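Same order as they appear, the protein sequences are chains L and X. Residues in the first sequence are numbered consecutively from 1, following the working numbering. Residues in the second sequence are numbered consecutively from 260, following the working numbering. Ideal Cβ placement from N, Cα and C applies to all residues, glycine included. Since the structure is predicted, the reported quantities are computational estimates derived from the model, not experimental observations. First up is the structure itself, then whatever we jot down about it.
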Amino acid sequence: MTERFTFDMIGLYTILHKEVTRFVRIWTQTLLPSVINITLYFVIFGSLMGNRIGDLNGFRYIDYIVPGLIMMSVITATYANVVFSFFGAKFQRNIEEMLVSPLPNYIILWGFVLGGIARGLLVGVLVSLTSLFFTQLQIAHLFLTISVGVITAILFALAGFINAIFSRNFDDINIVPTFVLNPLTYLGGVFYSIDLLPEIWQKITYINPIFYLVNAFRYGMLGYSDVDVSIALSIMIGLSVVLYITCIYLLRKGVGIRS
Amino acid sequence: MKALVIRNLKKTYDSGLVALKGINLEVEQGDFFALLGPNGAGKTTMIGIITSLVTKTAGEVIIGGHSIDTAVEKAKAQIGVVPQEFNFSIFEKVIDIVVNQAGFYGIPPKQAREKAEHYLVQLGIWDKRNNQARLLSGGMKRRLMIARALVHEPKILILDEPTAGVDIEVRRSMWAFLQKINEQGTTIILTTHYLEEAESLCKKVAIIHQGNMVENTTVKQLLSRLNTETFIFDLKYPLAEKPEISGCTIVSVDEKTIEISFGKTVNLNNLFSALSERHIEVMSMRNKTNRLEELFLRLITTEVAHD
């Protein structure tokens with residue numbers, strides 16, 4: 001193990017530890033709301049309305065929406081963690097603690113991304129446990145389910161990081177989640193199958209990246225997907241690579257963090 | 260090897276503001292170096308470039324033999340920085356802020372805790388280690404930033420207005436601490452508005468004005484250029500009339516206080532003899548202005564006149 005590797009790992013651990021400590025300290029804002037939201041979804045769409053909707057593609061409605069709801073929680077938690085934490089560090093200027101240190105850019109990026117993944121996956125686990133009060137969880141492909149969860153968290157952690165880099169005030173960090181992420185999530189097939197949509201909306205849905213990860217995750221849990229899972233995975237991994245390169249480029253240029 | 264070498268450093272911000280117009284500076288290892296200049300002179304920009312928070316437009320910065328262009332990580336490992344504004348998370352605990360900073364410099368957690376304890380004790384805020392940083396007083400926050408900057412034991416410590424807004428007692432204790440670590444071998448570069456601070460602490464001084472280096476010399480040499488000094492004398496008895504003493508300019512402040520300005524040629528013993536001959540009893544005397552302040556203003560004014 002080289003000295004450089006040890007140095008980087010200590011730096012990475014420090015950022016990750018700092019991030020986890022932060023979101024655990026304010027768990028009523030970072031963990032609890034997801035559990036409450038998901039409980040409401042299960043009560044309303046699962047128990048109350050779900051029983052009247054009947055089956056969807058051979059699954060009980062509540063079982064059909066569970067994967068999408070878990071994904072929705074992971075996406076929201078991961079994105080929010082990175083965007084709030086990195087912008088908060090910019091706002092309070094404590095990002096300078098890292099910028100003046102010899103930490104390389106990719107370690108700073110991975111520190112925040114891993115922090116986001118940690119919160120996203122923890123929320124995913126809590127939401128999954130909550131769902132046990134309403135239905136029995138099925139896992140058709142365990143490895144795929146975990147992989148899709150992790151790739152989703154990476155993708156939205158990177159997206160949150162870019163949002164934070166360009167944000168100049170607290171309004172800016174809410175614009176994308178409110179006007180982009182929420183519509184894409186609700187229209188990404190969480191609550192319905194694409195087969196139910198008119199053809200034009202089906203085509204439009206294919207340009208929504210969240211549609212692919214919801215379906216890939218649904219395939220991992222239920223063994224059913226509206227799209228080919230290998231295509232879904234390729235799109236998710238491809239997007240993650242593009243966002244990662246963008247993040248590194250922005251950090252190297254010092255956009256939003258150096259004058 | 261020099262602790263810091265700056266060559267032809269220039270910075271123009273996107274707004275068009277030219278902050279640095281070609282600064283050259285060399286700081287020897289072990290120096291206690293003062294960087295002076297009025298507000299907007301370019302001091303903070305220069306520190307920003309050295310610490311890589313600001314990107315330079317042109318020029319070269321070499322820290323401990325490592326260029327920030329070719330070996331930025333090695334260069335950054337040499338320095339600890341105490342910025343002008345508080346820049347820590349106010350919600351984090353004092354101990355966590357210092358320990359995390361050590362982690363950013365590759366120091367393992369156990370060792371980081373030991374070093375954090377050492378510096379927090381040295382700076383007198385160990386008993387506040389479990390408090391959130393927002394609960395500290397202004398002076399404590401300054402000391403926290405010094406502990407944070409020192410935790411990785413840098414070869415060069417850069418302090419941007421470190422004693423701004425702290426009371427005299429804390430300022431004096433911080434001076435004593437900085438002198439101690441300088442004696443232990445840490446090179447210190449200090450910007451300050453308190454010229455008394457620079458005169459008391461620093462061996463060398465550079466003055467920046469409007470992005471240019473106006474002066475770069477030792478404090479001693481700079482002060483030797485001062486031709487006249489003014490002292491205030493508190494007298495035992497009221498003066499009937501203002502005395503006349505050859506080579507001195509005397510101004511009456513009130514009936515028991517006079518200001519006497521005199522050149523370097525005047526011997527203080529002769530001055531006191533002249534006062535005694537006139538039956539003037541001096542109870543106490545003090546320097547009217549900070550000597551460096553006088554020179555500083557003179558240099559800045561000259562620059563403005565040249566502009």
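Which of helix, strand or coil does DSSP assign to residue i?
i, result
"X/H325", "strand"
"X/D513", "strand"
"L/H17", "helix"
"L/D55", "strand"
"L/A118", "helix"
"X/L498", "coil"
"X/A278", "strand"
"X/G339", "strand"
"X/D386", "helix"
"L/V227", "coil"
"X/E285", "strand"
"X/R372", "helix"
"L/L184", "helix"
"X/A293", "strand"
"L/R60", "strand"
"X/T508", "strand"
"X/M260", "coil"
"X/S532", "helix"
"L/Y79", "helix"
"L/F7", "helix"
"X/R431", "helix"
"X/A457", "helix"
"L/I200", "helix"
"X/R401", "helix"
"L/L132", "coil"
Buried or exposed: which applies to residue i, given that a residue is buried once 16 or more other Cβ atoms fall within 10 Å of its Cβ?
i, result
"X/I322", "buried"
"X/K374", "buried"
"L/F87", "buried"
"X/E458", "buried"
"X/D426", "exposed"
"X/G296", "buried"
"X/G299", "exposed"
"L/I273", "Given a span of 1 to 259 for chain L in the structure shown, any question on residue 273 of chain L remains unanswerable."
"X/D566", "Summary for X/D566: the model assigns pLDDT 46, below 50, so the residue's position carries little reliability, and this model does not support an answer."
"L/W110", "buried"
"X/P497", "exposed"
"X/K353", "Correcting the residue type first, residue 353 of chain X is Val in the shown sequence and not Lys. Buried."
"X/G444", "exposed"
Looking at the strands, I want to know which residues DSSP matches up with residue i.
i, result
"X/T477", "X/K463"
"X/E319", "X/R266"
"X/G522", "X/T487"
"X/T446", "X/I415"
"X/H468", "X/N471"
"X/Q391", "X/K352"
"X/S543", "X/D493"
"X/T271", "X/V277"
With 8 Å as the threshold, decide whether the Cβ of residue i is near any Cβ in chain L.
i, result
"X/L312", "yes"
"X/S326", "no"
"X/V341", "no"
"X/P413", "no"
"X/P367", "yes"
"X/I282", "no"
"X/Y378", "no"
"X/N359", "yes"
"X/E420", "no"
"X/A262", "no"
"X/G362", "yes"
"X/A423", "no"
"X/I349", "yes"
"X/E373", "no"
"X/N346", "yes"
Let me see if you follow: with CB-CB separation under 8 Å, is residue i close to chain X or not?
i, result
"L/K18", "yes"
"L/F133", "no"
"L/T28", "no"
"L/F7", "yes"
"L/T2", "no"
"L/I173", "no"
"L/I165", "no"
"L/G124", "no"
"L/T14", "yes"
For chain A, is any of its Cβ atoms less than 8 Å away from the one on residue i?
i, result
"L/F42", "Here the protein chains are L and X, and chain A is not one of them."
Short-range partners of chain X found in the segment 93-121 of chain L, where Cβ spacing is below 7 Å | R93, N94, E96, E97, M98, L99, V100, S101, P102, L103 and P104
Would you list, in chain order, the members of the segment 236-258 of chain L that have their beta-carbon closer than 7 Å to a beta-carbon of chain X?
-> G254 and R258
What are the residues of the segment 197-224 of chain L that lie near chain X, defined by any Cβ-Cβ distance shorter than 7 Å?
-> none
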